[in-house]
Structures are given as C-alpha cells and as structure tokens.
Amino acid sequence: MGEGTSLFEDAPEIDLSRGRLDLALVRLRMAWRTLRDGWAVFVESRIGVLSLAIIAIFALMAFSHPILMATVWTPDVYDPVTGYAFDRFEHPSPPDWRHPLGTDSLGRDILSQLLFSTKSEFILGITAALVTVGIATTVGAVAAYYGGLVDSLLMRLADLIIALPGISLLIVLSALFNLNLFYLALIIGVLGGFGGTAIILKSQALSIRVKPYIEAARAAGGGHFHVIFVHIIPNLLPLSLLYMMFTVTGAIFAEAVLSFLGLLDIRMSWGIMIHTANTGGYLLAGANYWWLIVPAGASITLLCSAFYLVGRALDEVVNPRLRRHDR
Amino acid sequence: MTMTTADNQPLLKVVDLSLSYLTRQGPVPAVQSVSFELGRGQSLGLVGESGCGKTSVANCLMRLLPDNGRLTSGQVLLEGQDLLPMSEEEIRRFRWRRMAMVFQAAMNALDPVYRVGQQVVEAIEAHGIEETTAQARQRVARLFRMVGLDPQLMDRYPHEFSGGMRQRAVIAMALACDPAVIISDEPTTALDVIVQDRILRELKGVQRELSMGMIYITHDIGAVAEVTDRVGVMYAGRLVELGDTVDVLHAPMHPYTAALMSSFPSISGEKKALGTLPGEPPNLVNLPTGCPFHPRCAHATEECRREFPPQAQRGSQWAACWHPLNGAQESEQS
Amino acid sequence: MSSPDSGPLLAVDGLNKRFPIGGGLFRKPTDFIHAVDDVSFRMSAGESLGLVGESGCGKTTVGKLLVKLLEPTDGSITYRFATPAMDPHLAGPVETSNIRSRQLGAFRRQVQMIFQDPYESMNPRRTVYDTIAEPLVVQGIGHVQERLDRVSEILDLVGLTPAGTFLFRRPHELSGGQRQRVAIARALVIGPSFVVADEPTSMLDVSSRTAIMLLMQELAERLGIAYLYITHDLAVARYMCHRIAVMYLGKIVELADTEELLRNPLHPYTRALLSAVPSPDPTRRREPPDILGDLSLPVNPPQRCRFYDRCPLATDLCRREPHPPPEEKAPGHWVACHLA
C-alpha cells in the first residue's frame, strides 16, 4: 500500500540495498526530529520561552563567576565568603561602580555572592530533580505494573511521606546532621521521589499498563523487566520531565528557607545572603538597605518561577489536549 | 431528483453545502457541494468510510461546528427556512425542537450524575414543550415506552443502564421535543447484533409512526438496507451517488458504491468472493485531481484524472462518475 | 472436538476462568464472574476456528488463556507442536499451565496473538521496526542486521511496501489498516504455528477490513498457521474460518463447520444471532430474532442452562437439569441444548 506516502515525506527512508545500515544513526535522526517538533510547540508559549531565557541568563551568571574571579576580581576583595572591600569605610555600603550591588554587613561583594550562589542553586535543584524523578518514575512504574502487595506498600510509604510536614522534617534533620548541599539535594529528592510525585506517576503508569501494547509485549515473550523499562517508563518520561521542573522549584525554595534559618552547612547561597542581612538586623530596615535583600530575593523568585513556568509550557508539549485549537 | 412527498416543498433541502476546517496544513475541505432533499416520513442513509465527511454533514445540519470549521457555501432549508445564516440564538430554537441528533457515543450524551429521566424532563422543560413537570414526566414515560424502555427506569442513573438501554434513552431524548428531522450518527456501532437489531427496529418504527424525516449515518450497508428509503454515498467529502436504497444497492452506478457492496461479507445466500478496494481514502489536504476516487478505480481514464465528473442520471438515481456502471444513460445535468 | 488420536495441534479440556469481584488484601472475594466455564474443543494444524459471541461472552478470555496471558482457574490447554527437532523444549504435548520459564520463550515463538485495537496495540513512542522486531529482540534472535532483514521481509509479506518507507514510522503516521498489518507482521515475525486473532478487523473501515481479512487468510494458508479467530460478526467468521464455535456467557453452545452452522443452526441462541444480522438486500424482510431480555453478566450463575432466561423454547426440563453437555447431533456438529 503505497498510498499516503506523500503525507509522511518526513519519515526517514531507508535504502536497504546499501547493506548494513546504522540503526543508531536513524534513531538519532528520529530523536532529533521529535525534539524539533516539541520545540516548535514549546516556542508557541511566550511565557515558556521567556522563562527559558531567564534560566539561560542565570546559567550564564553561574559560569561568569569563576571567569570574573580569575580575571578582574581580586580574591581578597571579591571572594564571596572571605573577601573584604577595603576601599569602603562603612559596611554595608550601597552600590557603586566597583561594587554594582554594594557590599554586605561583613564587607563582602553582593554581586560576587549572587553569582557564586547561582551555581549551587542549579546543582541543588537539578540533583534533587533527577533523584526525585528517577525514584518516582521507577516506584510509579513498579507499583502500577505489579499491583497487589508491592503497590500497597509503596503507596502507604508515599502517604506517610506526604503526611510528614516537609520543611519541618528538613529542619529536624539539619539539626541532627550537618547537611551540605549534596545531602540536602538527596533528601529532598528522596522525599519527593517516594512521595507525591510517585503517586502522580503511578496513576499515569496505571493507564499505560492496561494498554493492549503491554499485553502484546508480553505475548511477544517480553519479561517484567522488558515491559517496565521499554514500554511503561518511556511513556512516563514526558510527565516525569514535567515534574522534574516542578521539583527544581521546590528544592531551591526549600534551600532558601533552611539557609535563612541558618540550618545548612553551606558556604554561600541566596538564602544565606538573606540570612546575613537578617542577623545584621537589616531585613526590617526595609528600603534603606534594599541591595542586601532584593538581589537574592528576586533571584530566588525569578529562578523558581522560571522553572515552574517552563514546566507549564512543557505540559502543552506533553499533553496535546491542552493545546489551543489549530487555527 | 423527484420527491414523492405530498407537499411540494421538501421537509429538508440541502443545497451546495461546503465546509472547510482550518488547520496548520491549510484549509481541509471536509464537505464539498453536497446537495440532497429529505421528505416527510422519509429516511436517507449517508454511507462511506471514516473521514469521508458524513459526520461533518450532520454537524453542519445541526450547526454544531468546531471552532475551526468554516461553512464556505450552501443552504440548509428546513421547511423552507435557511438555518445557516441564523444567529446562535435563533438556531437554538431550531435545534432539538425541529431537528434532533442521536450521537454515536451514547455514554457521553448522558450526564452520569443525573437520573436519566430527569435529563429528558429538563430538555422538555428547557424548550417549553410541556407546562408542568408532571406533564413532562408523563411525556418522558410515553417516550420511554416508544423506544422500548420500561418507564420505571426513568429514575435510574446512566451507569445502571446497559449499552443498548443508554442508546434507547438517547433516542428518547432526541424525540423529546417532537422534531421534524432526526439525525442518527452511527447509533448502533458499539452494540452487539441482537441489541442493534432491536434499536434499528425501534428507530425505524418511531420514525414511521411520527412521520419524521431521518438522516441515518453509518458505514454498515446492512443497516442502510434495512432502515433507509434513499441512500447517499459519500467519498472524500463529496456525495458521489444518491438514489432509492433498492436501486443503489441492487444496481450501483458508481464504482465506489459497487466496491463497498462487494466487500461487505454476508451470511445469507451463496458465499461470494469478497471484493477488495486497493489503497486507502485520500488525504483531504491534498486531494487527487479530477474525480477523487480515480487512483483506486479500475475504470479510470484520462478525463477522470482531469475533471470532476458531472452527474449521470438513471431514474431517480444519480452518480458523479464519468463511466457509470451498467450502461446507464449518461444525461448530463448542471 | 475431533478424536484425540489424530494428534490435534491444540486440545482444550474443561477450561474454566473465574474472575473475583471485589475482595482485597485480607478479604476473600465471594462473587466470581464465570468468564469461561467448562470449554472444550480441538484444533488441528493449519485449521481456522471462529469463536463468535456477543461482548462479555468470554471469547477474548479464551484467547488470552490460549496464549498464556492469563492462567486458567481449572482445566487444561495442551499443544502438540510439529517442530520438536528445532525446539527440544516443545517436544511432546505441552500443557500451558506447566510451562516453566525456560520453556516460555519457545512457547511464545509458537503461539502468538493479534489484538483488536490497531490504535492502542502499538506503543506510540516506538517505530514500526521496534514493534515488529520486539519478539526477536526479547527472545535474542539474530543480530541487528538479521533482524532488519527479517522485518523488511515480513513488511513485504503483509503488503507494506517498499519496506524502507515504513520501517521507521511511528503509529500516528500509519492508517488503521496499515497498523493492523503491522500487528499481523509482529505476530508472524517469529514463525508461529498458532495465532489467536482477537477481532482484528472490527475497528477498521470496510475497504481495509476486506484487505486485512484476505491477507490473514492468504498468509495463514501459505505459512501453514492455525488460527483462532475471535469475532462478534458471523459474516466475517464465515469468510475467515473452517469451523465456528458460538459462545454464550462463558459456554460454547454450538460448534460446527462454517456452512453447516449457517445453514442448519441447532441452538436457539445461534438462530437468534443469525437472524439479527442485517441483510444487505433491501427487499428482504427479516423476522426479529427470537430471544428474550438482555445480556447479563455470568456472576455466580445457577447450574441450569446458561441460555434459560433468554430462551424462547425453554421448558421445565431446562430449568431443572444442569447446563446440557455438548452432543454430536450430526458428524462434527456439536450442540449444547436439551431440546436440539
């Protein structure tokens, strides 16, 4: 049946007479096309593109810090933790051309702190998100596929974690252990992964599990491992990606709260910047010392909402039903 | 196209109806210059494969078009009044009161949180057919009996109904306001044969009894043969053959109709070899030139590829074909 | 139901499948749907049997039991494959419930299934190649190049040519008919000797339906495959099958050669089914089917004849006696009815 071929000019055509063909290359080309088509839908959402641009700017900021430190900024003045601005007599001092965002109460450059912390926020957010989604996807797929006792146990565990107040639990943990950035990311990731995200992904996995292609795979001789990792999880990934975005937001926010309370073993972060302003008593001084609070606060808000909004825009790519009518 | 109705004016007259859907790939012509008439007490079948435009025609008649649907030409005259230029407000008075539809997915047409009878009662009250609720309930009881449902089932919820009972309830709902025309879009597709048989009988009986006009949309030649007086065959958005059901099914003029007939497996009579139709229906975005059926047609010639054929007439039957079957007289028409 | 001595490919004896309703982790369910109840039949190599009945009669459950996607509650399904030389695991009779994991792969190579819904039976994220090669991949048959060649070959066989243009399409780039061809290709790619086809044409348009029916017939004949064709459409079964078994609420009520069953139906349910099929001849007047009431679910059904509640001929005998066992009324024509 050659009919309809014109419709699918885009489908890669394979010349089998050429002998051995590189399957991987074809797959790469197809993945690229999927990405391209997804991107075409994504760019239709203006807010998604704007948010992605914001994330890109923050990424640039993270990269710029080591470069600036190596070139124009002298470490004894500009180091985010140990530096001291000798050129000023009073601290905190307002912005000027040498310190575009001023200095904090300990005489450290705010811009340097802001740029330095950006990297940590990314590492924290992305690690937490990867851990969350890795666990949640596996837990969701396994619970949905096996059902029964496995499902009951995993879902009761999820209920338990949801019932625990997250931030308070983190406060207790940070009081008991010295939490650095990596452990924090891990804990947030594990809590998220076994908690709400797992339940959401499980319900999605349940709807995949009952599809005839799962039975077809079993009839073909596919084992449990094959069905879970080749059929269920790949179909969960779009949704997983979405929840990854939302987890980044949650992780950055949690870090800010814990740092603000001074509970984390971290050298510098946006939360610590606000914590420093607070311990100096500048938080309530309001507008007079805006540079102590606004850069870090705005960064937290911007990066969190940017990840969240990218997630929302991805939602439209992943769920065609949310798209507006073709016009 | 002569009509055998008492009135001079047909109940429903569709003239040169065309509909396009606007999509990313450009406008898709879903319905192209479709014309037909329907008399009182008559039933007209529309057959064709999925995507041939039969449901789109129904949606045009009911003026239930998606946002991207655009009517590009035509008239739909119900008792002489054109429905297409009407405002949404005016059409609402026509919909259900004069023209009602039985949908394919009966489950979706019933709201799961309300009792079935109540939904019909509300439809009646919304259109001011009956004065009081008690009268409306009596009417619903009558309707239920008419479609073969026990009136005591009125106070049940949709999920307590079987597939066949739901379909009957949906038919009762469509009849609630005593419409002049009822449009049935594949009302029995999801049902088993025995239930299908009963629904078809009831639908046919009610239509005869109330002397309604009925448009019956299906892909099932058997159902067409049993329910309809006239039948129109659609292909790629166009009506390609129209005539009395007996004539069309006994002596199809269009090769497409003949192919549909021969690929229909039957349990009665001698077992005949099934005919096949090569290829698949065309993509509406880029239709073949000339007759849209020519790439699949065994009789296609140069002129089929060049130009859309005129109507070849035989009695009250016509087909849009350059080479109609059975040596029909080729009298050309507008 | 031919004699067991002839060495049938498939022997089904007293097959039962009950699905519990309700119940939970610590609660024993008390109600069961008797989806398949004491079903027995034989099939020989290369034969096609139609399993016909209304939705919910248990025909799909029988299909899934035969391919071991479900385990029977009771009864046995025994295959006798003709290829013991190739597969030492499958020498002699193979009973599905005794198959151990090492045998399972070999069994899956012999018994395959084609699913009803062409739109849902392919993973939307995987290409035609991935779908068809799946049985080869999970069974570790061949290298990449061999699999590609085999898949291209089978694509040619099912009429998706040139194979190169189809190999790397995803399901949404195929029409319904093309998808069902892919489904057939997937079932045939590892050379089974028995295929269960679960309403493969019921969701297709008229023209692709005929094409798929003819394709299946041709391939089964050419490759010597026996198949069980599950359908609700007697007319389709007439064209696809040598014999037809009619199922009602978990029981086979009649089984006979196709034309014999159509010409001379003995069970009142078969008669009702036959008389309910619309005729494409508009001049023919058809009598309404002689059957009472509506279809129900076989939840803890009483012992008596399953068809009793809907039977127009039911007598006191039918009410008292247990469900009638199938009897051979004419050569090869089995009926389960007290009155036939």
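Protein chains in written order, with our numbering: chain A, 2 to 328; chain B, 20 to 353; chain C, 273 to 612.
For glycine and all other residues, C-beta sits at the position ideal for the given N, C-alpha and C.
Item, Value
"Buried versus exposed, by CB contacts within 10 Å (16 or more), P603/C", "exposed"
"C-beta neighbour in chain A for L546/C, strict 8 Å", "no"
"Sub-8 Å separation of A317/B and P328/B beta-carbons", "no"
"Buried versus exposed call for Q359/B [16 or more other C-beta atoms within 10 Å across all chains shown]", "This structure cannot speak to residue 359/B, because chain B is shown only from 20 to 353."
"Contact check, R249/B vs G241/B, beta carbons under 8 Å", "no"
"Exposed unless 16 or more other CB atoms sit within 10 angstroms - verdict on W33/A", "exposed"
"Proximal residues of chain C, C-beta to C-beta of Y147/A below 8 Å", "Correct list: empty, because the minimum Cβ distance to chain C is about 14 Å."
"Secondary structure of W40/A, DSSP reduced to three states", "helix"
"Coil, strand or helix - Y146/A by DSSP", "helix"
"Cutoff 8 Å: G414/C Cβ touching any chain A Cβ", "no"
"Buried or exposed by the 16-neighbour rule on C-beta atoms within 10 Å, applied to Y133/B", "exposed"
"In DSSP terms, what R576/C is bridged to", "P594/C"
"Identity of the residue in F308/A, K203/A and H100/A nearest V249/A by Cα", "F308/A"
"Identity of the residue in E321/B, P177/B, R117/B and D216/B nearest S551/C by Cα", "D216/B"
"Neighbouring residues, chain C, relative to I213/A (Cβ below 8 Å)", "Sequence inspection shows Pro at residue 213/A; the Ile mentioned does not correspond to that position. Near P213/A (Cβ distances below 8 Å), the residues of chain C are F387, Q388, D389, E392 and S393."
"Length at least 3, wholly inside the segment 279 to 303 of chain A: the beta strand (DSSP E) runs in chain order", "none"
"Boundaries (first-last residue) of the alpha helix (DSSP H) holding Y133/B", "Premise fails: Y133/B is in no alpha helix (DSSP H) and is neither H nor E."
"Inside the segment 206 to 282 of chain A only - beta strand (DSSP E) runs reaching at least 3 residues", "none"
"Secondary structure of I497/C, DSSP reduced to three states", "coil"
"Nearest candidate by alpha-carbon position, reference G325/C, set E319/C, A317/C and V334/C", "V334/C"
"CB contact flag (E97/B, F113/B, <8 Å)", "In the sequence on display, residue 97/B carries Leu and not Glu. Closer than 8 Å, so yes."
"Presumed contact (8 Å Cβ cut-off) between P472/C and I484/C, rounded CB distance", "6 Å"
"Closest residue to A317/C among T399/C, S479/C and H514/C (Cα-Cα distance)", "H514/C"
"Cβ of N345/B within 8 Å of any chain C Cβ", "no"
"N-terminal and C-terminal residue of the alpha helix (DSSP H) that P274/B is part of", "P274 to S281"
"C-beta contact flag for V467/C and V400/C at 8 Å", "no"
"Contact check, D105/A vs L293/A, beta carbons under 8 Å", "yes"
"Sub-8 Å separation of M274/A and A297/A beta-carbons", "yes"
"Given 8 Å, three or more beta-carbon pairs between the segment 176 to 191 of chain A and the segment 200 to 211 of chain A", "no"
"Helix, strand or coil at H361/C [DSSP, three-state]", "helix"
"Beta carbon of L182/A nearer than 8 Å to that of I124/A", "yes"
"Interfacial residues, the segment 330 to 345 of chain C to chain A, with Cβ spacing under 7 Å", "V339 and L341"
"Per DSSP, the bridge partner or partners of I190/B", "According to DSSP, I190/B bridges with nothing at all."
"D101/B - partner residues in DSSP beta bridges", "L96/B"
"Chain C contact for N320/A (CB, 8 Å cutoff)", "no"
"Complete runs of the beta strand (DSSP E) confined to the segment 28 to 52 of chain B [at least 3 residues]", "31 to 42"
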